[in-house]
Amino acid sequence: MNGKVLSSIFYGVLGLVVVFLNKTVLTRYKYDTSVLSSVSIVSNCRFPAFSVLGTLQAITIITVLRLAKVFKIVNFPDFSMSVVKQIFPLPIFYVINLLSSLGATKRLNLPMYVVLRRFGILITMILQIYFLNIIPSKRAAIAIFVIIAGSVFAALEDLNFDMIGYFFILLYDLFDSCEAILVKMQLNDRKSVGQIGILYYCALFSFLPLCLFVLITGDYQKAFVNYEGWNDISFVCLFFSCSLASATFLYAYIMCTDYNNPVLSQVIACMRNILTTYIGMYVGGDYIFNLYNFIALNLTMFAAFYYTYINLTETEKSDASKSESNEKLLNEV
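The numbering of the sequence shown is the UniProt record's numbering, which starts it at 1 and goes up by one.
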C-alpha cells in the first residue's frame with residue numbers, strides 16, 4: 001500500500017477509537033451488546049472538565065515526542081524564533097479545536113455530532129479553493145450540497161437539541177477547516193518543521209493557554225477536588241488511554257493531510273463517521289429515534305459515499321492523465 005492509503009486507514013481507525021473513548025470518559029455511556037448477547041456495559045464516568053482532558057493530551061504529546069527525540073526515534077527542529085514564526089498561528093487553532101471538539105463530544109449525542117461535523121467539508125472546500133486553488137468538480141459540489149442539506153434537516157429534527165453543544169461543534173468545524181489548510185500550506189513549504197515538528201510545537205505553545213483556561217474556569221476544582229472517579233483504577237486507565245490515543249490521532253491527522261489534500265482528509269473523517277453514527281444508535285443510549293431525523297442521517301450517509309467515490313475516481317483519472325502526459329514528453333525527448 002502507498003502512503004495515501006496507509007495514512008487514510010490510520011487516520012480513520014484512530015478517529016473512530018478516539019470518539020468512543022472521549023464519549024466514554026466525558027459522559028454516562030451505555031454499550032448495549034444485546035445484538036450478540038444480553039449483556040449491557042454501562043460507563044458512568046461523567047468526567048466534568050473536558051479542558052483538563054485536553055491539557056493532558058497536550059502534555060502527552062510534549063512528553064512522548066521529547067523523549068522520542070532524546071532517544072533519536074524521531075527528529076524535529078530545536079526551539080528558535082524562526083520556528084515560532086513558522087508555526088504560528090497553528091497553536092491558536094489547535095487550542096480552539098481541542099476545547100471545542102471535546103465540548104461538543106460531551107454535550108451532543110454521537111449521531112448528531114457526526115452530522116454536524118459534515119459542515120467542515122463545505123468550509124474546507126471553500127478555503128481550499130481560495131488558498132490552495134483546488135477547484136472541485138460539479139459532481140463533488142452537488143454531493144457536498146446534499147450532505148449539508150441532510151445535515152441541516154437532521155439537526156432540525158434533533159430531539160436532544162443543545163445550543164451550547166451546537167455552538168461547540170460549529171466552532172470546531174470552522175477552526176478545524178482553517179487548521180487543515182494551514183497545515184497543508186506549512187507542509188508544502190520547504191522550510192516547514194515537518195509533521196512531528198508541527199504536532200510538538202502546537203502542543204508546546206498551547207500548553208500554557210490550556211492551563212490558564214483550566215484555572216480560570218474552575219475546571220481544576222471540578223476535576224481534581226470534586227470528582228471522585230480517581231479512586232477507580234478502570235477510570236484512570238481509561239482516562240490516560242484516551243489521552244494517548246488522542247495524541248496519536250492528531251499525528252495521524254497531520255500525516256493524512258500531508259499525503260492527501262484537506263478535503264480528502266475530511267472525506268476520510270466522513271467515512272469514519274458513517275460507522276460512528278450507526279454504532280452510536282445502538283451502543284450510546286443517548287440517541288432518541290425520530291423518523292425524519294433517521295431519513296436525513298441516511299441521506300447524508302449516501303451523499304458521503306457518493307462524494308468519496310467521486311474523489312477516488314477523479315484522483316485516479318488525474319493520476320492516469322499525468323502519467324500519460326509524462327510518457328508523451330519522454331517519447332518526444
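C-beta: ideal position from N, C-alpha, C; glycine also. Just so it is clear, the structure is predicted and the values come from calculations on it, not from any experiment.
- In this structure, DSSP gives Phe249 a helical state, which the three-state scheme calls helix.
- Arg272 carries a helical assignment under DSSP once its states are collapsed to helix, strand and coil.
- Taking 8 angstroms as the cut-off, the beta carbon of Gly165 is found closer than this to the beta carbon of Ala104.
- Boundaries of the alpha helix (DSSP H) harbouring Glu179: 163 to 188, taken from the DSSP string.
- In this structure, the alpha-carbon of Val13 lies about 11 angstroms from that of Tyr253.
- Around the beta-carbon of Leu210, 16 or more other beta-carbon atoms lie within 10 Å, marking it buried.
- Counting only runs of 3 or more residues that sit fully inside the stretch 63 to 110, no beta strand (DSSP E) segment turns up.
- Close CB contacts of Asp176 within its chain, under the 6 angstroms cut and outside five residues either way in sequence, are with Asn97, Gly120 (chain order).
- Taking C-alpha positions only, Val19 is separated from Gln266 by approximately 15 angstroms.
- Burial check for Asn226: the Cβ neighbour count within 10 Å stays below 16, so the residue is exposed.
- If you ignore the 5 residues before and after Asp162, its C-beta comes within less than 7 angstroms of the C-beta of Arg107, Leu108, all in its own chain and listed in chain order.
- Met301 and Ile198 have their C-alpha atoms some 32 angstroms from each other.
- If you draw a straight line from the Cα of Phe153 to the Cα of Leu171, it comes to about 19 angstroms.
- Between Met81 and Val263, the CB-CB gap reaches or exceeds 8 angstroms.
- Using a 10 angstroms sphere on the CB of Val84, the tally of other CB atoms stays under 16, which defines it as exposed.
- In terms of CA proximity to Ser241, Val25 leads the group Val25, Ile279, Lys184, Phe294.
- Rounded to whole angstroms, the gap between the alpha carbons of Leu99 and Ala141 is 30 angstroms.
- Burial check for Leu127: the Cβ neighbour count within 10 Å reaches 16 or more, so the residue is buried.
- Here Ser241 carries a helix assignment [DSSP, helix/strand/coil].
- CA-to-CA, the gap between Ala303 and Gly218 works out to about 42 angstroms.
- The three-state secondary structure of Asp232, taken from DSSP, is coil.
- Straight-line measurement puts the Cα of Val70 at about 43 angstroms from the Cα of Tyr309.
- Apart from the 5 residues on each side of it in sequence, Lys222 sits with its Cβ closer than 6 angstroms to the Cβ of Pro48, Ala49 in its chain, given in chain order.
- Taking the Cα positions, Ile295 is about 16 angstroms away from Tyr113.
- As the crow flies, the alpha-carbon of Val5 is around 24 angstroms from that of Val193.
- Proximity to Ala247 across Tyr94, Phe88, Pro89 peaks at Tyr94, based on C-alpha coordinates.
- Look at Thr257 here: in three-state DSSP terms it is helix.
- Leaving aside the five residues that flank Pro91 on each side, the residues in its chain whose CB is nearer than 6 angstroms to its CB run, in chain order, Cys202, Phe205, Ser206.
- The continuous alpha helix (DSSP H) containing Ala203 extends over residues 194 to 217.
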